[in-house]
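Input: a single structure, listed below in structure tokens.
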Amino acid sequence: TDSKVVGKMSNHDACEILGKKDGWIKIKSGKVKGYVKSGYLLNGDAALAIAEKEVETVATVNTTTLRVREDTSTDSAIVSLVGEGEDLVVEKIVDDWYKVEVDDQKGYISGDYITISQKLPTASSVEELENGTGISDTRVSLVQYALQFVGNRYVWGGTSLTNGIDCSGFTMQIYARYGISLPHHAASQPGYGTRISASDAQPGDLFFYGSGSSIGHVGIYIGNGQIVHASNVRTGIKISSAYYRTPICVARYLN
Numbered sequence: 001t002d003s004k005v006v007g008k009m010s011n012h013d014a015c016e017i018l019g020k021k022d023g024w025i026k027i028k029s030g031k032v033k034g035y036v037k038s039g040y041l042l043n044g045d046a047a048l049a050i051a052e053k054e055v056e057t058v059a060t061v062n063t064t065t066l067r068v069r070e071d072t073s074t075d076s077a078i079v080s081l082v083g084e085g086e087d088l089v090v091e092k093i094v095d096d097w098y099k100v101e102v103d104d105q106k107g108y109i110s111g112d113y114i115t116i117s118q119k120l121p122t123a124s125s126v127e128e129l130e131n132g133t134g135i136s137d138t139r140v141s142l143v144q145y146a147l148q149f150v151g152n153r154y155v156w157g158g159t160s161l162t163n164g165i166d167c168s169g170f171t172m173q174i175y176a177r178y179g180i181s182l183p184h185h186a187a188s189q190p191g192y193g194t195r196i197s198a199s200d201a202q203p204g205d206l207f208f209y210g211s212g213s214s215i216g217h218v219g220i221y222i223g224n225g226q227i228v229h230a231s232n233v234r235t236g237i238k239i240s241s242a243y244y245r246t247p248i249c250v251a252r253y254l255n
């Protein structure tokens with residue numbers, strides 16, 4: 001338990017067992033390899049039953065930037081842009097258009113620019129921040145605090161880190177712990193900070209996303225090109241690439 005944390009598994013995440021040692025099991029889950037206590041895993045028929053319920057049809061983006069549209073037509077309005085390599089859970093298929101959810105927005109993507117597969121949920125990779133690495137102790141503390149809630153529920157309009165929260169509620173509550181008041185409204189939060197370039201972002205800064213110049217989503221930068229955010233009802237609080245969508249702006253609130 002004194003070993004470095006390399007990832008976090010939520011309830012019903014899947015993994016491959018690579019070995020066993022002294023009550024610990026070596027696993028691979030998604031991109032994460034590491035050890036977990038044996039008592040926290042299911043196997044055999046119990047694991048199979050859960051896997052059958054949890055498996056999802058996933059669309060993986062295979063073009064640089066994919067447009068998510070309101071309807072099943074290239075003439076339809078664009079609601080979001082998604083980066084290459086992102087996985088999107090498919091809700092239904094209409095001709096060769098796939099209905100997906102990006103954060104709390106739903107739309108359609110063309111089958112010409114995706115690869116379809118069946119996947120189980122897996123662990124999130126966590127590159128732990130450490131004090132004394134040129135990042136302020138407050139930033140390290142804020143990110144570590146935020147990461148505790150990965151896997152918890154998303155509830156639109158919610159403000160509870162444990163029982164359900166939305167994207168701006170998440171950033172509002174995390175920052176409140178550090179004495180900074182933010183409104184429960186993603187589009188208003190940039191006005192309470194200083195806008196910076198994404199290339200200058202440090203852990204703890206906020207990344208904002210949306211359609212055109214209209215902000216509708218926010219996440220906390222955790223370093224290494226990643227954010228933690230309350231994404232949607234299906235995935236809850238999760239870790240994503242900071243560029244899984246094109247950021248509209250980045251704002252700083254900590255010195």
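The sequence shown begins at 1 in our numbering and counts up by one. From the three backbone atoms N, C-alpha and C, an ideal C-beta is built for every residue, glycine too.
Roughly how many angstroms lie between the CA atoms of R245 and K21, to the nearest whole one?
Along the sequence shown, one-based indexing puts residue 245 at 245. Along the sequence shown, one-based indexing puts residue 21 at 21. C-alpha separation (whole angstroms): 41 Å.
Under 7 Å Cβ to Cβ from V155, same chain only, skipping five residues before and after it: list those, please.
Taking the first residue of the sequence shown as position 1, residue 155 is located at position 155. Only G164, I165, D166 meet the Cβ criterion.
Taking the alpha helix (DSSP H) that L48 belongs to, which residues open and close that run?
As a first step, residue 48 must be located in the sequence shown, where it is residue number 48. Note, L48: alpha helix (DSSP H), 44–54.
Less than 8 Å separating the beta-carbons of I220 and I174?
Reading the sequence shown from its first residue, position 220 is the one you call residue 220. Reading the sequence shown from its first residue, position 174 is the one you call residue 174. Closer than 8 Å, so yes.
Assuming G111 contacts R69 under a Cβ cut-off of 8 Å, what Cβ separation, rounded to an integer in Å, is found between them?
What you label residue 111 is simply residue 111 of the sequence shown in a count that begins at 1. What you label residue 69 is simply residue 69 of the sequence shown in a count that begins at 1. Going by Cβ atoms, the distance from G111 to R69 rounds to 13 Å, so no, they are not a contact pair.
Name the DSSP bridge partner or partners of C249?
Here residue 249 refers to the residue found at position 249 when the sequence shown is read from its first residue. Paired residue(s): F208.
Just to confirm, is the Cβ distance from V100 to V90 under 8 Å?
Reading the sequence shown from its first residue, position 100 is the one you call residue 100. Reading the sequence shown from its first residue, position 90 is the one you call residue 90. Cβ distance < 8 Å, so V100 and V90 count as in contact.
State the Cα-Cα distance for the pair P247 and Y209, rounded to the nearest angstrom.
Sequence index remark: in the sequence shown, residue 247 carries index 247 (1-based). Sequence index remark: in the sequence shown, residue 209 carries index 209 (1-based). Each residue's alpha carbon lies about 5 Å from the other.
According to the neighbour-count rule (16 or more other Cβ atoms, all chains shown, within 10 Å of its Cβ), is E52 buried or exposed?
On the sequence shown, position 52 is the one that residue 52 refers to. Exposed: under 16 other Cβ atoms inside 10 Å.
Using 8 Å as the cut-off, can you tell me whether the stretch 27–34 makes contact with the stretch 114–127, which would need three or more C-beta pairs spanning the two stretches below that distance?
Yes, they touch.
Along the chain, where does the beta strand (DSSP E) containing V155 start, and where does it finish?
As a working note, residue 155 is residue 155 in the sequence shown. It is not in any beta strand (DSSP E) - V155 carries neither H nor E in the DSSP assignment.
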